């Protein structure tokens, strides 16, 4: 008889790692978002572009947002291994969730390149342009802004899908507390709503409710996940290997 105690320890440690990474990523993203240049309606382009052009921390803030989402993605990868589904529909849900998280991260990288670099250069060029070139520069900056809407919209769709799929795996398997899965799926639905609103009307006031609700739900289920991971006991699995004789 060969006794293996490793599985339970790996499950507990990966759950704790997932929870810590997810909370850290949310905090980094939130701090960077708090430092983001604001002060006007985001769809009032003339006013908000002037604020963006005057910002001295724009590049650092968007790099911080990128790092935060990267940490969140690492947390979702750790969650994938925590769930460790071996068969059935949940196996494929878990794999699709991981692929969706990776795609969302890739889109977020494109988003921060467009917003953190492209838009900043466009509004700087508009702000410093001669009067004769102002209209042309403003049109170019708006084009970059609309591209930002497009990438942000689809990134929200794919990230929301990842959260829904991970939530479904938790709800189906019960490997973690099922309410965590339900809340995770609900936060994913909020991101789907954000994706639709941004894609149709940009950063309008209609996006505030799903954004705040999504952030609140993520904070709840990440903290719940951390508490569940801390309380998780190390279990030992035993495997019996037989000789050629019975």
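In my numbering, the protein residues as written are -7 to 238. Don't be surprised by glycine CBs; every beta carbon is placed ideally from N, CA and C. Since we're looking at a predicted model, the values are computed, not measured.
Is residue 166 helix, strand or coil by DSSP? Here residue 166 carries a coil assignment [DSSP, helix/strand/coil].
Output the residue ranges of the alpha helix (DSSP H) runs that lie fully inside the region 108 to 180 and measure 4 residues or longer, sorted by chain position. Qualifying alpha helix (DSSP H) stretches, in chain order: 112 to 120, 123 to 165.
How is residue 5 classed by DSSP in three states: helix, strand or coil? Assigned with DSSP and collapsed to three states, residue 5 falls in helix.
Whose C-alpha, out of 131, 104, 105, is nearest the C-alpha of residue 117? Out of 131, 104, 105, 131 has the C-alpha closest to the C-alpha of residue 117.
Between the CA atoms of residue 138 and residue 155 - distance to the nearest angstrom: About 26 Å.
Using a Cβ-Cβ cut-off of 7 Å (strictly less than) and excluding sequence neighbours within five positions of residue 6, which residues of its own chain qualify? Closer than 7 Å at Cβ, skipping near neighbours: 70, 73, 74.
Starting from residue 97, follow the alpha helix (DSSP H) in both directions and report where the run begins and ends. It spans 80 to 105 - the alpha helix (DSSP H) in which residue 97 sits, taken as one unbroken run.
Limits of the alpha helix (DSSP H) - the one that residue 62 falls within: Per DSSP, residue 62 is one residue of the alpha helix (DSSP H) stretching across 50 to 75.
Comparing alpha-carbon positions, which option in 89, 22, 38, 49 lies nearest residue 208? Of 89, 22, 38, 49, the residue nearest in Cα terms is 22.
Would you call the region 164 to 177 and the region 202 to 222 touching, i.e. three or more CB-CB distances under 8 Å? The region 164 to 177 vs the region 202 to 222: in contact.
Note down the Cα distance separating residue 87 from residue 76, rounded to an integer number of angstroms. Answer to the nearest angstrom: the Cα atoms are 10 Å apart.
For residue 165, which residues of its own chain have a beta-carbon under 8 Å away from its beta-carbon, when the five flanking residues on both sides are left out? Once the five neighbours on either side are set aside, the close Cβ partners of residue 165 are 75, 77, 82.
Coarse secondary structure for residue 264, derived from DSSP in three states: As displayed, the chain neither begins before -7 nor continues past 238, which places residue 264 out of reach and without an answer.
Can you look up residue 41 in the DSSP assignment and give me helix, strand or coil? Residue state, collapsed to three classes: helix.
Residue burial classification, residue 219 (beta-carbon count within 10 angstroms, cutoff 16): Only exposed fits residue 219, as fewer than 16 other CB atoms lie within 10 angstroms of its CB.
Got a sec? Which residues, its chain only, sit under 8 Å from residue 43 by beta carbon, not counting five neighbours each side? 29, 30, 31, 32.
Do residue 191 and residue 133 have their beta-carbon atoms positioned less than 9 Å apart in this structure? Taking 9 Å as the Cβ cut-off, residue 133 and residue 191 do not qualify as a contacting pair.
Sequence-distant residues of the same chain with beta carbon closer than 6 Å to residue 194, five excluded per side: Within the same chain, residue 194 has close Cβ partners 35, 141.
Give the DSSP-derived three-state secondary structure of residue 208 in the structure shown. The three-state reading of DSSP puts residue 208 in helix, counting H, G and I together.
Inspect the CB distances between the region 103 to 121 and the region 197 to 208 and report whether three or more fall short of 8 Å. Contact fails: fewer than three Cβ-Cβ distances are below 8 Å.
For residue 14, the three-state DSSP class (helix, strand or coil): For residue 14, the three-state secondary structure derived from DSSP is helix.
Mind checking residue 235: buried by the 16 CB within 10 Å criterion, or exposed? Reliability fails at residue 235, whose pLDDT of 40 lies under 50, so the model's placement of it is uncertain and no value is given.
Could you tell me the distance, in whole angstroms, from the CA atom of residue 147 to the CA atom of residue 96? Rounded to whole angstroms, the gap between the alpha carbons of residue 147 and residue 96 is 5 Å.
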